[in-house]
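**Student:** Under the numbering used here, the first residue of the sequence shown carries the number 9, and numbering increases by one thereafter. Glycine included, C-beta positions come from ideal geometry on N, C-alpha and C.
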Amino acid sequence: MLTTKDVSSNELDKSLNFYVTDQHNPLIGDSKISSTIIFIDSGVDDYQSLVDGTVPGTEVIVLESTQDGVAQITKALQGRTDISAIHIVSHGSPGCLYLGNSQLSLDTLNHYLPQLKTWSTTDSATPILLYGCNVAAGDAGTEFLERLHQITGNEIAASGNRTGNAALGGDWNLECCTGQIAVDSAFLPELMEVYQGVFTVSFSNANNFTVGTSPAAIATGDFDGDGDLDLVTANSDSDNVSVLLNNGAGSYSLSGNFAVGNLPVDIAVGDFNKDGNLDLVTADFGTPFTSSTDNTVSVLLGNGNGTFGSATQVNEGDIPLSVAVGDFDGDRDLDLAVGRFSSPGIVSVLFGNGTGSFSLTNDLTSGVSGFSTSVADFNKDGNLDIVTGSGSNEVSLLLGNGTTTFQPSISIPTGVSFAAPDAVGDFDNDGNLDLVIGSNSGAENEIAVLLGNGNGSFGSPIPFTTGGGSEVAVGDFNSDGNLDIAAASDDQVSLLLGNGAGGFTPSGQFDVGSNPSSITVGDFNGDGKPDIATANSGSNNVSVLLNTSSSSMFALGSTTQVGDFRSDTDYLVADVNGDGESDLVELWNNNNKFFAATWISNGSGGFNLGSNTEVGDFRNDTDYLVADVNGDGDSDLVELWNNNNNFFAATWISNGSGGFNLGSNTEVGDFREDTNYLVADVNGDGDSDLIEVWNNNNNFFAATWISNGSGGFNLGSNTEVGDFREDTDYLVADVNGDGDSDLIELWNNNNNFFAATWISNGNGGFSLGNNTQVGDFRDDTDYLVADVNGDGDSDLIEVWNDNNNFFAATWISNGNGGFSLGSNTEVGDFREDTDYLVADVNGDGDSDLIEVWNDNNNFFAATWISNGNGGFSLGSNTQVGDFRSDTDYLVTDLNGDNQSDLVELWNNNNNFFATSWLSIA
């Protein structure tokens, strides 16, 4: 319904100024009877759910994102006199609807006047209901509704705030109306309760920060090593660069202005001398159109504190227009690609020696002047390529050979005049890099997208209208997993939301400073959402637009009954059929026999019963571990059980369809109450092994039981790994990233926690790596193994309580068994029933945290997104079920998208249910 209030008595809702009824016409859909039609723009979040959630009998038309949406609606309404209500669902902003690749706004109403007048061929009593966010907001919204009413003769309803999911600040009330409207709901109540999106992306008003004179280019980097993204501009009229340091909240202070060459027009960032500090390079245009020798490239080496040393100039020859950074010859030293103003066009490649100096090794004929230069691997051969923009309607591609040479340039038509500003991304999610091209003409309001084929070639250019935008950058601004485009010009930034298939929908314009000359994207306030910054040459400042769009990182998937409730039942996460989608294994007692019932993921969040296999006799001290003992990619089970005071490991091998067969039954040590078994791969062969951690005369030993690949185990080695202490814990990790599982011994020494690493020798033995203090001893502190920076070395996260606030201190592996403190981030209030889980909710390879906590008897999942340097920022906070004392949450990947999902296991009337919460980060 348009409001969640039940007013089926047709009582007029004074606050909404229109009727809402629940009385559906049984003849809706008959073309001879008044019917409801709904247009849903394919650019909105999860539009298919909206299609599926319409009231039966509603005529649904999906607007194609690459075509004019107003024209599509006009065509569909042509000659229709049988329509009782027109619903239009799209992204919106005050006084504007984004329909297909067009905008219907105050500025375009006159342009579309002939088409809009044909809409009034329907009954004048037919209302038009606009579901875009904020369409009716402010004076612009009021005027837009009134003018549309005058043109069409139809009553118009819209919202002055967000439309959609309540948790994201939206609702389904269209509270602004040009007259009284009586209309049925177009959506089912169930859809309005579970739909996870809103129909807008929003940014804060621009915050402006003064820089040098006429900033021509902008770039990002962490120049002072505090984990926050800083900004730097190249200022063409003051011949310097301005460095703006971030306070962590998206506000900036000037670190200083640092001199470079004459008339810098572009800037890039990299660590050129390999000291761990970011450095800068500028392309200096020099004295225009003279034989001057001041056409240079300037290199400034960073000190790591936000300051830079004196610039070193490299005489570049002809006029440099652009510069980009990459390792073109594979020697691990950063090189430079410099686009030049020349005819024919030249790209000069300067090869770095790793000390901050460069030598000119290769001048490449590009065919076009290098007004812009980008670096990426477009043909997926592992070598970096170069693309340059021109003063014509083409760009040139130079495919790298991985040495100091490149293949001859390839000209690629763009359909955009004076094609120059470009950005790179995968816009259609096919794994191939694509291009978006802007214009340097100053008069264009169009960009072009070229979809890559993965071999260095591109499809035909696809044009999109920006409302005025030539400088381009990319980011996922609405957190739907698809790259979007931000285009800057004419004192504003225009946003185009991607649909993940290479199409884009205009979605708002945001004011910035005067004459933006360059644009960049980054997370400037640490909230996990991409923000925008522009360098404004007309106002000598930088504008920062902070992304204020609410985003939920989990969406309800499905709820499946997965067995009867029993107090001794356990659920394990596994992948029993090796398809990359997480399944569940239900271990339950039936007449003193253990059974393993497998619940196979259907890839959409639901589960189907695979098989139910007897896997041993019931014993109170039996434990089951998930492993892959034969390395085939299917998860197996290891049953650890006590037989006459001897531990045995019985392996139950997955048959790939959800069932298990007994592999072998191996004695793996004497029974002891304080013995612990861990699954590992100590020799890196892909077969899961066991580590038996046991106490021998007050010394801990680690006995390794090496898998023979057929379900059995052989004793590898037995290594003393520390003194026995009641509060010592052992964790499996790979601290040096060599593929062999190591051990981390966490122990208390004089009320200080230490992490002693025991490095695998690859044959089942361990040797002491390092012993690092990793925090103070506290009873409620927990340590989690993670990889917070995605380097392949296991790190530690220390979750601890400080004055009733939870903090996450990261201890970053140095690759040799030691740890250093990365960051210490507050990650929520202290609560006894809060749990922290390691996950990768956005699939970037960096480990994140999920805080599962109880708020007023509702479970919430707060995501804390890794910044890649050891810190975390709040991503979202999503309600994920009702609080129940026996509910459990498991981290999984149910659909194989490499983004962590949640499974909520809960008891309802003595039945176990599994509710899936799918990551949409």
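Report buried or exposed for Glu-681, applying the criterion of at least 16 other Cβ atoms within 10 angstroms of its Cβ.
**Tutor:** Start at 1 with the first residue of the sequence shown, and residue 681 comes out as number 673. Counting Cβ neighbours within 10 Å, Glu-681 comes out exposed, since fewer than 16 surround it.
**Student:** To which residues of the same chain is Phe-656 closer than 6 Å at the C-beta, ignoring the five residues directly before and after it?
**Tutor:** By 1-based counting over the sequence shown, the position of residue 656 is 648. So the qualifying residues of the chain are Trp-649, Asn-673 and Glu-675.
**Student:** Unbroken beta strand (DSSP E) runs of length 3 or more, entirely within the segment 331 to 377: which are they?
**Tutor:** Runs found: 343 to 348, 354 to 360 and 366 to 373.
**Student:** Output the distance between the C-alpha atoms of Ile-41 and Cys-185, rounded to the nearest integer angstrom.
**Tutor:** What you label residue 41 is simply residue 33 of the sequence shown in a count that begins at 1. What you label residue 185 is simply residue 177 of the sequence shown in a count that begins at 1. At Ile-41, the pLDDT of 42 sits below 50, so the modelled position is not reliable; the number obtained from the coordinates is stated separately. Cα to Cα, the separation comes out at about 25 Å.
**Student:** Report yes or no: do three or more beta-carbon pairs, one from the segment 881 to 892 and one from the segment 862 to 869, lie closer than 8 Å?
**Tutor:** Touching, per the Cβ criterion.
**Student:** Per DSSP, what are the beta-bridge partners of Asn-254 in this structure?
**Tutor:** The residue given as residue 254 occupies position 246 in the sequence shown. Looking at the DSSP assignment, Asn-254 forms a beta bridge with Tyr-260.
**Student:** On the DSSP bridge assignment, give the partners of Lys-601 in chain order.
**Tutor:** Taking the sequence shown and counting its residues from 1, the one referred to as residue 601 is at position 593. DSSP lists Asp-625 as partners of Lys-601.
**Student:** Shortest alpha-carbon distance to Ile-820 belongs to which of Phe-814, Asn-811, Asn-832 and Asp-810?
**Tutor:** As a working mapping, residue 820 is identified with position 812 in the sequence shown. Among Phe-814, Asn-811, Asn-832 and Asp-810, the Cα nearest to that of Ile-820 is on Asn-832.
**Student:** Of the choices Phe-603, Thr-369, Gly-408 and Asp-54, whose alpha-carbon is the least far from that of Gln-388?
**Tutor:** As a working note, residue 388 is residue 380 in the sequence shown. The question names Gln, yet the displayed sequence has Lys at residue 388. Of the listed residues, the one whose Cα sits closest to Lys-388 is Gly-408.
**Student:** Enumerate in chain order the residues of its own chain whose CB-to-CB distance from Asn-812 is below 7 Å, with the five nearest sequence positions on each side excluded.
**Tutor:** On the sequence shown, residue 812 is found 804 positions in, with the first residue counted as 1. Cβ within range, chain order: Asp-837 and Phe-838.
**Student:** With Trp-127 as the anchor, note down where its alpha helix (DSSP H) starts and where it stops.
**Tutor:** Here residue 127 is taken as the residue at index 119 of the sequence shown, counted from 1. Element bounds for Trp-127: 121 to 127.
**Student:** Does the separation of the CB atoms of Asn-544 and Pro-514 fall below 7 Å?
**Tutor:** By one-based count along the sequence shown, residue 544 stands at place 536. By one-based count along the sequence shown, residue 514 stands at place 506. Cβ distance not < 7 Å, so Asn-544 and Pro-514 don't count as in contact.
**Student:** Got a sec: is the Cβ-Cβ distance from Glu-622 to anything in chain B below 7 Å?
**Tutor:** Reference to chain B is not applicable here, since this structure consists of a single protein chain.
**Student:** Beta strand (DSSP E) containing Leu-58: first to last residue?
**Tutor:** For the purposes of this step, residue 58 is identified with residue 50 of the sequence shown, where counting begins at 1. From DSSP, Leu-58 is part of no beta strand (DSSP E) but of the alpha helix (DSSP H) over 55 to 60.
**Student:** Ala-541 and Leu-804: beta carbons closer than 7 Å?
**Tutor:** As a first step, residue 541 must be located in the sequence shown, where it is residue number 533. As a first step, residue 804 must be located in the sequence shown, where it is residue number 796. No.
**Student:** Assuming Ile-136 is part of the beta strand (DSSP E), what are its boundary residues?
**Tutor:** Taking the sequence shown and counting its residues from 1, the one referred to as residue 136 is at position 128. Segment 136 to 138, the beta strand (DSSP E) holding Ile-136.
**Student:** Please report the distance separating the alpha-carbon of Ser-330 from that of Val-346.
**Tutor:** As a position in the sequence shown, residue 330 is number 322, starting the count at 1. As a position in the sequence shown, residue 346 is number 338, starting the count at 1. Their backbone Cα atoms lie some 6 Å apart in a straight line.
**Student:** Do you know offhand how far Leu-645's Cα is from Thr-659's?
**Tutor:** Indexing the sequence shown from 1 puts residue 645 at position 637. Indexing the sequence shown from 1 puts residue 659 at position 651. Rounded to the nearest angstrom, the two C-alpha atoms are 6 Å apart.
**Student:** Look up Leu-156 in the DSSP assignment and say whether it is helix, strand or coil.
**Tutor:** For this step, residue 156 is matched to residue 148 along the sequence shown. Leu-156: helix per DSSP, three-state reduction.
**Student:** Which partner residues of Leu-392 appear in the DSSP bridge assignment?
**Tutor:** To locate residue 392, count along the sequence shown from 1; it is residue 384. DSSP, once it has assigned bridges, lists no residue as partnering Leu-392.
**Student:** Counting beta carbon pairs with one atom in the segment 226 to 243 and one in the segment 565 to 575, are three or more of them shorter than 8 Å?
**Tutor:** Segments in contact, no.
**Student:** For Asn-919, does the three-state DSSP call read helix, strand or coil?
**Tutor:** Taking the first residue of the sequence shown as 1, we reach residue 919 at position 911. Strand at Asn-919.
**Student:** From what residue to what residue does the beta strand (DSSP E) around Gly-677 run?
**Tutor:** Position 669 of the sequence shown, counting from 1, holds the residue named residue 677. Gly-677 -> beta strand (DSSP E) spans 668 to 678.
**Student:** Around the C-beta of Lys-537, are 16 or more other C-beta atoms found within 10 angstroms, so that it is buried, or is it exposed?
**Tutor:** Counting from one through the sequence shown, the residue named residue 537 turns up at place 529. So Lys-537 counts as buried.
**Student:** Candidates Gly-719, Ser-566 and Asn-598: which alpha carbon is nearest Ala-635's?
**Tutor:** Here the question's residue 635 lines up with position 627 in the sequence shown. Ranking Gly-719, Ser-566 and Asn-598 by Cα distance to Ala-635 puts Gly-719 first.
**Student:** Report the rounded CA-to-CA distance for Asn-919 versus Asp-629, giving the unit in angstroms.
**Tutor:** Taking the sequence shown and counting its residues from 1, one reaches residue 919 at position 911. Taking the sequence shown and counting its residues from 1, one reaches residue 629 at position 621. Rounded to the nearest angstrom, the two C-alpha atoms are 25 Å apart.
**Student:** Could you give the DSSP three-state label for Thr-82: helix, strand or coil?
**Tutor:** Within the sequence shown, residue 82 is the residue found at index 74, counting from 1. Correct three-state label for Thr-82: helix.
**Student:** Quick check on the DSSP output: the alpha helix (DSSP H) that includes Val-424 runs from which residue to which?
**Tutor:** In the sequence shown, counting from the first residue as 1, residue 424 sits at position 416. First-last for Val-424: undefined, no H or E at that position.
**Student:** Using the beta-carbon count (16 or more within 10 Å), is Ala-816 buried or exposed?
**Tutor:** The residue given as residue 816 occupies position 808 in the sequence shown. It counts as buried.
**Student:** Beta carbon of Thr-712, beta carbon of Gly-724: below 7 Å?
**Tutor:** Position 704 of the sequence shown, counted from the first residue, corresponds to residue 712. Position 716 of the sequence shown, counted from the first residue, corresponds to residue 724. In this structure, Gly-724 lies closer than 7 Å to Thr-712 by Cβ.
**Student:** Helix or strand or just coil, what does DSSP make of Ile-36?
**Tutor:** Start at 1 with the first residue of the sequence shown, and residue 36 comes out as number 28. With a pLDDT of only 27 at Ile-36, under the threshold of 50, the placement of this residue in the model should not be trusted; the figure read from the coordinates follows. Three-state result, Ile-36: coil.
**Student:** Between the alpha carbons of Ile-45 and Gly-140, how many angstroms are there, rounded?
**Tutor:** Start at 1 with the first residue of the sequence shown, and residue 45 comes out as number 37. Start at 1 with the first residue of the sequence shown, and residue 140 comes out as number 132. Distance between the alpha carbons of Ile-45 and Gly-140 is about 16 Å.
**Student:** From the DSSP output, read off the bridge partner residues of Gly-408.
**Tutor:** Taking the first residue of the sequence shown as position 1, residue 408 is located at position 400. In DSSP, Gly-408 forms a bridge with Phe-414.
**Student:** Got a sec, what are the start and stop residues for the alpha helix (DSSP H) Pro-197 sits in?
**Tutor:** Here residue 197 is taken as the residue at index 189 of the sequence shown, counted from 1. Per DSSP, Pro-197 belongs to the alpha helix (DSSP H) from 197 to 202.
**Student:** May I ask you to list the residues that DSSP assigns as paired with Phe-615?
**Tutor:** If you number the sequence shown from 1, residue 615 lands on position 607. In DSSP, Phe-615 forms a bridge with Ser-609.
**Student:** Hey, would you say Ala-145 sits closer than 7 Å to Leu-153, going by beta carbons?
**Tutor:** Against the sequence shown, residue 145 aligns to sequence position 137. Against the sequence shown, residue 153 aligns to sequence position 145. Their beta carbons are not under 7 Å apart, which means Ala-145 does not touch Leu-153 by this criterion.
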